[in-house]
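S.K.: Sequence positions in the sequence shown follow this note's numbering and run 344 to 521. We treat Cβ as the ideally placed atom computed from N, Cα and C, and that holds for glycine.
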Amino acid sequence: MRIRHTLILLALFAGTATAQDIKLPVMTHLQDTDTFRVARLTPSEKEQVFEEIAGISFDTPDSWESELRVHRVILGGIEEGLVLQGTTLLCGGTGNCATFALRRVNSKWIAMFDEQAPVASGFGFGPESSNGLKNFVVAANQSAEMEKYTIYKFDGKLYRASQCFEKNKTQMKSIPCK
344 MRIRHTLILL ALFAGTATAQ DIKLPVMTHL QDTDTFRVAR LTPSEKEQVF EEIAGISFDT
404 PDSWESELRV HRVILGGIEE GLVLQGTTLL CGGTGNCATF ALRRVNSKWI AMFDEQAPVA
464 SGFGFGPESS NGLKNFVVAA NQSAEMEKYT IYKFDGKLYR ASQCFEKNKT QMKSIPCK
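#1: Just list the alpha helix (DSSP H) runs in the segment 366-418, keeping only unbroken ones of 4 residues or longer that don't cross its boundaries, in chain order.
#2: Pick out whichever of 414, 397, 401 and 370 has its Cα sitting closest to the Cα of residue 379.
#3: Taking only the alpha-carbon atoms, compute the straight-line gap between residue 514 and residue 474 and give it to the nearest angstrom.
#4: Could you say if the segment 371-386 and the segment 425-439 meet the contact criterion of at least three C-beta pairs nearer than 8 angstroms?
#5: Where does residue 458 fall in DSSP's three states?
#6: Using only CA atoms, which one of 504, 405 and 417 lies nearest to residue 579?
#7: Is it true that the CB of residue 454 sits closer than 7 angstroms to the CB of residue 399?
#8: Once the 5 residues before and after residue 451 are set aside, which same chain residues still bring their CB inside 7 angstroms of it?
#9: So, at 6 angstroms on beta carbons, what are the nonlocal neighbours of residue 491 in its own chain, with the 5 sequence-adjacent residues on each side left out?
#10: The beta strand (DSSP E) with residue 428 in it runs from where to where?
#11: Alpha carbon to alpha carbon, what distance is there between residue 421 and residue 401?
#12: With residue 552 and residue 466 assumed to form a contact (beta carbons below 8 angstroms), what rounded beta-carbon distance in angstroms separates them?
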């Protein structure tokens, strides 16, 4: 009985220690100034982006251009990407909004999530890369005192949830990704 109790405690502390060793990037969110005009997307590119976003969004606004903020990023090396976030319809009461990542493949913008895009309060790109692209990290408010972080790794085609954590004021612990 004592050995089993010790093993359970070790497993719990190991999960906490591993989570605390994770280096999370500074989280950011897009601003009202992050528009399609500022991002210099052509009408054709906007069409591609809206089509891709529609496939992984949980709702459809009257105007994608009015609903979304967009910012160009470098995903790794010279790989060009976009990060987009909802502003109103694609946001919830906790301050989390649909957050999309796209990359340019053969002159076409491709969504980097195969199902619904993550809903997050902030995002960042980690210092580590997977298959040539930086890891994409999102933070989501769970409550006034708890945040969930998800690290997405590029599998060669899409970003996939790899590690998830819950963080409150005093600790960060590893949790299963859902």
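M.R.: The relevant details are as follows:
#1: 386-399 and 407-410
#2: 414
#3: 31 angstroms
#4: yes
#5: coil
#6: Outside the shown range of the chain (344 to 521) lies residue 579, about which nothing can therefore be said.
#7: yes
#8: 391
#9: 483, 485 and 509
#10: 422-429
#11: 31 angstroms
#12: Outside the modelled stretch of the chain, which goes from 344 to 521, sits residue 552, for which no answer is possible.
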